[in-house]
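Below is one structure, written out as structure tokens, with a few remarks after it.
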Amino acid sequence: MKAEYVNPFLQAASLVFSQLLQVDLIRGKTTVKNSLGPGQEIAIYIDVTGPVNGRVIYSLTPDGARKVFEKLGGTPDSFDHEYRDVLGEIANMITGNALNIFLSRNQFIDVSVPVVIDTRTTPFPERTDTTLGLNMYSPLGMIDINLSLSEVA
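Quick note: the working numbering has the sequence shown finishing at residue 153, numbered continuously throughout.
Set out below in structure tokens:
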């Protein structure tokens with residue numbers, strides 16, 4: 001997996017968290033895995049097509065999701081009904097920023113609408129793909145980012 005395809009998603013996540021949530025994401029451990037799935041219970045996945053195909057999954061704990069939700073002004077009593085919309089919108093912002101980075105390099109990729117899944121209630125189908133896993137840390141909790149991207153021949 002080439003850094004030129006991975007880094008735009010990491011840079012975009014850092015930018016959105018910095019600008020929207022006023023917190024820095026600090027890069028932690030990087031691992032290579034044999035399956036693609038979320039590392040935490042609340043997962044946001046995006047399918048990628050173009051010169052590179054695959055999937056990007058951002059995931060966080062329910063507590064981390066709650067902290068992000070409340071940081072943006074959500075109330076505790078509305079969390080269960082609204083957190084998916086809020087996290088989906090954040091994922092849209094991250095994806096849009098990643099697309100801008102790709103476009104600035106004359107790389108044209110297409111991405112799906114982000115899908116938010118709570119794996120405690122909805123099973124997430126894991127795929128057997130080589131996956132790069134990265135942990136990003138903030139005061140709001142750890143964001144687990146898993147990317148499985150391969151160049152199209």
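Backbone N, C-alpha and C fix where the C-beta goes; we use that ideal spot for every residue, glycine too.
Quick caveat, the model's predicted, so the values are computed rather than measured.
Span of the alpha helix (DSSP H), counted from its first residue to its last, around D77: Element bounds for D77: n/a, residue is neither H nor E.
Sequence-distant residues of the same chain with beta carbon closer than 6 Å to D129, five excluded per side: Result list for D129: L36, S148, in chain order.
Sequence-distant residues of its chain with Cβ nearer than 6 Å to I26 (five each side left out): Within the same chain, and ignoring the five residues on either side of I26 in sequence, the residues whose Cβ sits closer than 6 Å to its Cβ are Y137.
Chain-order list of residues whose beta-carbon lies under 7 Å from that of N97 (same chain, five-residue window excluded): A12, L15, V16
Per-residue DSSP class, three states only, for T130: T130: coil per DSSP, three-state reduction.
Contact belief for P125 with A91 at Cβ below 8 Å, rounded distance in angstroms: Contact between P125 and A91 does not hold, since the beta-carbon distance rounds to 19 Å and is not under 8 Å.
K67 (DSSP reduced to helix, strand or coil): Here DSSP, grouped into helix, strand and coil, assigns K67 to helix.
Burial state of T131 (16 or more Cβ within 10 Å): buried
Delimiting residues of the alpha helix (DSSP H) encompassing S18: 3-21
Bridge partners - V48, DSSP secondary structure assignment: G54, V111
Short CB-CB distance (under 8 Å) between S78 and chain B: No chain B appears in this structure, which consists of one protein chain only.
Candidates P8, V68, E4, I44: closest to L99 by CA position: Cα-wise, what sits closest to L99 is P8.
Minimum C-alpha distance to I57 - residue among R105, G64, Y45: Y45
V152 versus M93: straight-line alpha-carbon distance, rounded: 26 Å
Straight-line Cα distance separating P38 from R120: 12 Å
Environment of Q40 [buried if 16+ CB atoms lie within 10 Å]: buried
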